[in-house]
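Reading through the structure tokens given below for one structure.
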Amino acid sequence: MRIARQYPLAQLRRTHISLSPAARLIACYTAASLHCSAPLPSATSSPQTRRIHQHTARQAPPITPTYRNIRRNFATQTSIMGEELARSAAARIEDLERPQLDDRSYRVITLQNQLEVLLIHEAGTDKASAALDVNVGSFNDADDMPGIAHAVEHLLFMGTEKYPEENAYNKYLTTHGGHSNAFTASTSTNYYFELSYPSSSPSNSKAATPSASTVNLSASKEKDNSPLWGALDRFGQFFIAPLFLEDTLDREIKAVDSENKKNLQSDQWRLHQLNKALANPNHPYCHFSTGSWKTLHDDPIARGVKIRDEFIKFHSTNYSANRMKLVVLGRESLDTLEEWVEEIFKKVPNKDLSRRSWDIPVYTENELLTQTFAKPVLESRSLEIQFAYRDEEDLYESQPSRYLSHLIGHEGPGSILAHIKAKGWANGLGAGGSTLCPGSGLFSISVKLTEEGLKNYKEVAKIVFQYIGMMREKEPQKWIVDEQMRISEVEFRFKQKSPPSRTASSLAGIMQKPYDRKMLLSGPAVIRKFDSQRINEALSYLRPDNFRMTIVSQDFPGGWDRKEKWYGTEHKVEKLSEDFLAEIKAAFESKERSAELHFPHKNEFIPSRLDVEKKEITQPSKEPKLIRHDDNVRIWWKKDDQFWVPKANVHIYLRTPITNVTPRVALMSTLYRELVTDALVEYSYDADISGLVYDFTNHANGISVTVSGYNDKLHVLLEKVLTSLRDLEIKQDRFDIIRERITRSLRNWDYGQPFHQVGTYSRAFKNEKSWMNEDLAKELDSVTAEDVRQFYPQILAQGLIEVLAHGNLYKEEALKFTDLVERTLRPKKLAANQIPIRRNLMWPTGCNFIYEKQLKDPANVNHCIEYSLYAGDDRENNTRAKLMLLTQMTDEPCFNQLRTIEQLGYVVFSGQSFADTWAGYRILIQSEKDCRYLEGRIENFLNTFEKALQEMSESDFEDHKRAMITKRLTKLKNLSQEDMRFWNHIYSDAYDFLLADTDAENLDKITKKDMVDFYAQYISPSSSKRSKLSVHLQAQSKPKEPTLDEKKKSALAAVQVILTEHKIEHKAEDLQAVVNNAPTAESLPDTFSSYFLEALKITPDVASKVLDETKAALGVADTGLPAEPAILGDSADAKSVSDASHPVIIKDIHAFKANMQVSAGIRPVKNLEEFMEVSEKL
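If you're matching positions, the sequence shown starts at 16 in my numbering and goes up one per residue.
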């Protein structure tokens, strides 16, 4: 791979708000894209960034700037926006290079305070966004207070002078269907939000999407009609007048600490920090950047430091308008956006701070020529070779590191990977350069080793240096760069839109780079020239005297004699021997290299046919047509009618009942998938880097193949994949390697994040048939290569073929693709009664189940609970719409109560849960607190919210409805989004292509009484009819017990927040005295109770509520669970205890499922014949 390296995500703030429900919990913490087409914020400036963004360079005609919105007459601008705004007009840039189909308008301006702004007008957008990137990050941390930049990022969300309520910003965004997030990278901190414009009437939703018109009002009137103005005003205050309230400090430091503890057992974070710790101690790269309670609280206090003063000082010393880059995207005109930005952000102080750089070597002779042996938490084996490298940000036109990473990371014939894989030494390889900060960078080569590869890691290293020597021996190859240029130009030319917040956040980070402002969109993506001198200079860093190695293994070589300070990673460091260095040098300089190593062949997958027939379309079709429907085949087809890119997606779904009937069969299906994928690596790599990819998946109801990308060569790749499925040759050595890899993967799963594990157990209680990892692991040793050889033809022998052909394809092409599938795989007809049916378990009315499982990782201190409530079939009684509305209403208050106020843990999520016919609601928490305690706090929140729902005003209720309707009517941004919508509806067996519109209509019909009644029956803990099951994953380790002083300080902060939330006046010094006088931590609740009733004169009912919240914050609230729950054993009938008033413990998942009723299967929303195409179309 060109970029395979993953670093931990720059400190991510509010996982639950910023991401979709599925992605919220995954939160893939990944690193700087080492070979990146369009870096996301700070992707090249920091090894800690947000997401992987792999470059897929392409080729097309030279880019021609599109000239739109040419600067208007200067005097006209003056009359519209006044003298101050007119002065900034001279610096405007509007003719940015842009993709061919980009219909947005752009303007770059610089305010008088030197804050640079990119304004983006998109007339048809249904969402608005803004992002601000500050050129300050963890490299600016004080040596004695690591993590302060990250903590300041957290605290800016906690109230400002103009909007002092600490959740005012997120409340506003939630009301407008929005979300926010922020992250701290090495040299930047990036804040962003997204919200929705009001949608058109749901009653017209079948034909309508959110309004694309821009109302012709004066800018001042537009403020009252646009939610963007209110969001910008709240957002801007972060950088004008944040409060850093005393009573928020401890809670947010705890949030940072919880975030850090969440990562303590993550090898991704552990190994990254180890690499940093072993760098030059004088370079800021060596810092610990997340922060913890110790670094941000205990240690500073022990030194007599006032923490709040330090946070304020950091903000005032480092945050300055001239270090900031702002991006605003909305449907308002550029002139209006400019006026709003000027009005709000001109108040950001400009301190004329310089842009920092660090001209310090990241590695000195002390760190170079060493090998570090690191012991991971998970079973993994790898070799990483790191070279000290240059900062490459100013070389954006030639991007020489992409030449290096393209060749070293290639996976085709002649590559390093192909050679060492043939020897049985490796499963993967990645390479790429990264800029750590202005002044220094790294170039890394990472190899995933097999067991034999680990034994021969020195030979692997020598082969790497052989290849680098070959590259240096030959002059840089212009034809290779020409291919890269062609690929990158095509990719940019046909780049489609991303979600607004991703666009804004990414561009704000890019603006910190030294790109020509006309190239802000194209600069990171496009290689513009071949520069052999720069390539040779880049190669000069890849020398035998300028590297260090890290070898990762749980048991090799043993004898680790050191522990990394922050994560405790065991390791040892040795200087490389003179003999080994001599061998490396000999391999590097040798003229007699292995014939297996050579440059790649010409790439035949670079697309050349890029024509798109564009037609005038009144309204894009919302569903594909069924163009063939018989006993053997269903073909769904839609020619793209709104995105107009030369791309297509072909999905092939072979429905068969035999891929998942037993754990052994499921395992053999997985081995088959992995063997096919392994066999196609060399062939498919050129297609991959040319924008054409495939995916092969096995699942419960069959197998599926998808080929996506430029349609020019799509048929070539599809035919090769299908042939490989049919004619797979299983080699014993590769089978052994892949089986061992799956074995490790199953074992490693038990050591992953608890909030990643819990969903597997929850799904097992919903799905009719599913296998746990332990079921599969039991079969691994007995499955042989011959077993898989005999088994896989059975998968292909019989089945129903279902195809979706979508994009720049005519009907005839869709039919030809399907004919290719039939001719290649030749499956026989599958009887109708053998076609797998999707259905789920139905939990008994009134049940209250708990499944408890101890986590296997002895060092993980985090428990995790997923608390699920079953509401029935999602297509009955408007259940689906009610659950979505409930999600909208509880999202912010649940997070605010359980995460912000009660400080239960960093990971808090609430929302709807749909699985085929199963519909429900869930709350997930990962915390150091015990699961039974968490269960009690969840029930307390649900009780509290029931009252809030009952008392909710009709106006607020309608606001929530509008926000959810707007979310469901969100416009598709690109071809891939439309494709996934179609395919998900086909794969689900429901074929409900208009589901989003139906949801909007159903949401519009819901009354407040409907929701109150629904909540009372299905959600309220007091309901005798609700169905509840929670999964408790229990940690083995216990966190360090805080001291009495620490408990008192936490209690004081918590009670201050609770009293403020309830608007109860109190004196801080009196409350401090109450806390100081408590003799023990256990006496605090009674002490506070007396204070509430006697000193504050709170009425008993209010005092009871406040005391309950206080106990929750202290971690001593009643769990609400009996000490001796009932046990549901191996043979007990679940229905016999379904009406129990107390929880019932499930001991055996399979026995439980055997006693559950099963729902009816999913059926199409209408007869499939009604989808058949009638009119003649191409």
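Every residue, glycine too, gets a C-beta built ideally from N, C-alpha and C.
Counting along the chain, no beta strand (DSSP E) covers Tyr698; the unbroken alpha helix (DSSP H) around it starts and ends at Val696 to Ile704.
Beta-bridge pairing by DSSP links Lys843 to Gln813. Per the C-alpha coordinates, the member of Leu341, Pro391, Leu591 and Asp748 positioned closest to Lys438 is Asp748. As the crow flies, the alpha-carbon of Ile525 is around 24 Å from that of Ile375. Proximity of the segment 330-337 to the segment 599-609 falls short of the contact definition, fewer than three beta-carbon pairs being nearer than 8 Å. Per DSSP, the unbroken alpha helix (DSSP H) holding Arg947 starts and ends at Cys946 to Glu966.
Within the segment 247-307, the alpha helix (DSSP H) runs of at least 4 residues that lie entirely inside it are, in chain order, 261-278 and 282-292. For Met339, there is no enclosing alpha helix (DSSP H); the residue is found in the beta strand (DSSP E) stretching over Met339 to Gly345. The C-beta distance from Pro559 to Ile599 rounds to 5 Å, short enough to fall under 8 Å. Between Glu1188 and Lys728, the C-beta spacing is not below 8 Å. With respect to Asn442, Arg838 sits apart: the two C-beta atoms are not nearer than 8 Å. Bridge partners of Gln1049 according to DSSP: Gln869.
Between the segment 1020-1032 and the segment 960-973 there are three or more inter-stretch CB-CB distances shorter than 8 Å, so the stretches are counted as touching. Taking a C-beta distance under 8 Å as the contact criterion, Gly822 and Asp655 qualify as a contact pair. Ala146 places its beta carbon less than 8 Å from that of Ala523. A Cβ-Cβ contact shorter than 8 Å links Ile135 with Val343. Annotation for Arg688: Phe711, Thr712, Asn713 and Ile718 place their beta carbon closer than 8 Å to its own, counting only its chain and skipping 5 residues before and after.
Each residue's CA atom was taken as its position, placing Asp1101 and Ala1110 some 13 Å apart.
Taken atom to atom, the span from the alpha-carbon of Thr894 to that of Asp1014 is near 10 Å. Considering only Lys1020, Ser503, Ile1021 and Pro415, the residue with the shortest C-alpha distance to Phe458 is Pro415. When rounded, the separation of the alpha-carbon atoms in Ile359 and Arg122 is 18 Å. Going by DSSP, Asn1182 is part of no beta strand (DSSP E) at all; its letter is neither H nor E. Boundaries of the beta strand (DSSP E) harbouring Ser461: Ser455 to Leu464, taken from the DSSP string. It is roughly 20 Å from the alpha-carbon of Ala138 to the alpha-carbon of Leu341.
With fewer than three CB-CB distances shorter than 8 Å, the segment 418-427 does not count as touching the segment 782-792. By alpha-carbon distance to Thr385, the top candidate from Phe562, Leu210, His287 and Ala553 is Phe562. Annotated as distal: Asn275 and Thr915, with beta-carbon spacing of 8 Å or more.
Setting aside the 5 residues that flank it on each side, Asn618 is surrounded in the same chain by Glu498, Asp701 and Ser705, each with a C-beta closer than 7 Å to its C-beta; the list follows chain order. In the DSSP secondary-structure assignment, Val736 is not bridged to any residue.
In this model, Gly306 and Glu357 are separated by some 35 Å (Cα to Cα).
Checking the DSSP bridge columns, you'll see Phe1008 has no partner listed.
Here Leu669 is buried, its C-beta having at least 16 other C-beta atoms within 10 Å. The C-beta distance from Asp265 to Ala1068 rounds to 4 Å, short enough to fall under 8 Å. Taking C-beta separations shorter than 8 Å and ignoring five residues to either side along the sequence, the partners of Leu830 in its chain run Ile642, Arg643 and Ile650, following chain order.
Counted as a single uninterrupted DSSP element, the stretch harbouring Ser430 is not any beta strand (DSSP E), since DSSP gives it neither H nor E. In terms of Cα proximity to Ala1088, the closest of Asn892, Phe1103 and Lys1078 is Phe1103.
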